[in-house]
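Here the working numbering = 1-based position in the sequence shown + 52.
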Amino acid sequence: MGGTQFSKITHIKKRSFSESRSKCEKSSSSSLHTKSSSNPSNMLLEIPNSSNNVLATQQPLTSEEIDRLQQLHYTWRWLWETNYSSPVEKLLQRKRNVRVLDVGCGPGVWTLEMASEYPNVEFYGVDTFESFPAEIKPANVFFYKTPFFVNLPFDSEFFDFIVIRNLNSVLTVQDWSENVFKELVRVLKPGGIVESQESVWNVNTMGPSFNLLANTYNSMLESKNIDLAIAKRIPEFMKNTKCLTNIVELKKSHPLSSQEGGNPKLAESFQQIAYSGFKVLKPILLPQLRTNSKTYDNLVTNIRSEFARDQYSEVVLYRTFAQKVSVPF
């Protein structure tokens, strides 16, 4: 969330894909020594926390936040009418030897849905906190608790398709620019595809309660070098790896007011996501606002009526995907 302005999408010119053997790992390799094994349970390694990783300092997810993340997933899927936008349908319909990674899997809803739809594919979900199901899950699903982008606990060139979703309020600009796609490229097979999914909220016309909460949240994140509008820079970060090509950026927007057209139920769902988000953020924002608990609760309650009156605010959803080349360009 946050009061950031939109900018026009920059379309990256596509480059041709080379079929020669991969050399990208030379430019994106890490010091991780992985275990080669056909048994997925042996792929997990012990990885130390990193003081540079903002996720290492976060608190465990509450049940309310888990519910919000689930609603976020269903709302994204509702607007896009699909769980992914990359051209990987034929790949996922293959009978064997296809692996998919969900980075920032949260409670694992996307992973579980995809695993049910494509039972012959192995799906792996990683997150910093264990909000995903530990035991009751399909046989083709493997969840791991691990810090992001210190080193992912997988062999190089292990995955055919990688999705990274809804981490704009978690990872720093430095994480995105220096670590994220470098590490994803390492574990992605040549010819494999990585897809990013992030949002930007255009809420500059909201009322005083929302603006106070949003500006306080934005200021706190900016002090940690976290950019809520990072979605606009994803093509740049992908291109800078020198190993990702055929970069495609898609976007869909939806008004936050049911009076501004669009689907009223979708608008209501996005409103609920914002409302629940500020409720979850109370322990963090309350000290920043230097107010009491009752006043904070009233601010959160007020934003419902502000959504009803607002005429111009919207959320823009971005999906950006790219293909790994065999030779860096």
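Backbone N, C-alpha and C fix where the C-beta goes; we use that ideal spot for every residue, glycine too.
Bear in mind that the values here come from a model prediction, so they are computed numbers and not experimental data.
- Item | Reduced DSSP secondary structure (H/G/I, E/B, other) of Glu301 | strand
- Where does Lys147 sit, in a helix, a strand or coil, going by DSSP? coil
- Query: Helix or strand or just coil, what does DSSP make of Glu113?
  - Reply: Before going further, note that residue 113 is Leu rather than Glu in the sequence given. In the structure shown, Leu113 sits in coil (DSSP, three-state: anything other than H, G, I, E or B).
- Whose C-alpha, out of Ser328, Phe359 and Phe194, is nearest the C-alpha of Asp154? Phe194
- Item | N-terminal and C-terminal residue of the alpha helix (DSSP H) that Leu164 is part of | Val161 to Glu169
- Query: Which one or two residues does DSSP pair with Trp253 in a beta bridge?
  - Reply: Val367
- When burial is assigned at 16 or more other CB atoms within 10 Å of the CB, is Gly313 buried or exposed? exposed
- Below 8 Å between beta carbons: does that hold for Gly156 and Asn218? yes
- Pair within 8 Å by beta-carbon distance, Val232 and Phe289: yes
- Task: Count the other CB atoms, across all protein chains shown, that sit within 10 Å of the CB of Arg151; report buried if there are 16 or more and exposed otherwise.
- Result: buried
- Query: Just reading off the alpha helix (DSSP H) that Gly177 is part of, what are its end residues?
  - Reply: No alpha helix (DSSP H) contains Gly177, which is instead part of the beta strand (DSSP E) from Glu174 to Asp179.
- Message: I'd like the list of long-range same chain contacts for Leu236, defined as Cβ closer than 6 Å, with 5 residues on each side in sequence excluded.
- Response: Ile214 and Val246
- Query: Is the beta carbon of Asn254 less than 8 Å from the beta carbon of Val178?
  - Reply: no
- Item | Whole-angstrom C-beta distance between Tyr176 and Leu144, which should lie under 8 Å | In fact, because the Cβ distance is near 14 Å, the residues do not count as touching under 8 Å.
- Below 8 Å between beta carbons: does that hold for Lys276 and Tyr370? no
- Item | Proximity to Ser52 [Cα-Cα], best of Leu265, Ser365, Gly244 and Lys346 | What the structure shows of the chain is the stretch from 53 to 381, and residue 52 is not part of that stretch, so it cannot be assessed.
- May I have the straight-line CA-CA distance separating Leu113 from Lys331, to the nearest angstrom? 13 Å
- Task: Spatial neighbours of Ser261 within its chain, please: CB distance less than 7 Å, with the 5 preceding and 5 following residues excluded, ordered by chain position.
- Result: Leu351, Asn354, Ile355 and Glu358
- Query: Nearest to Leu308 by CA position, among Ser138, Leu223 and Met258, is which residue?
  - Reply: Met258
- Item | Nearest residue (CA-CA) to Gln363, options Trp228, Ser310 and Ser345 | Ser310
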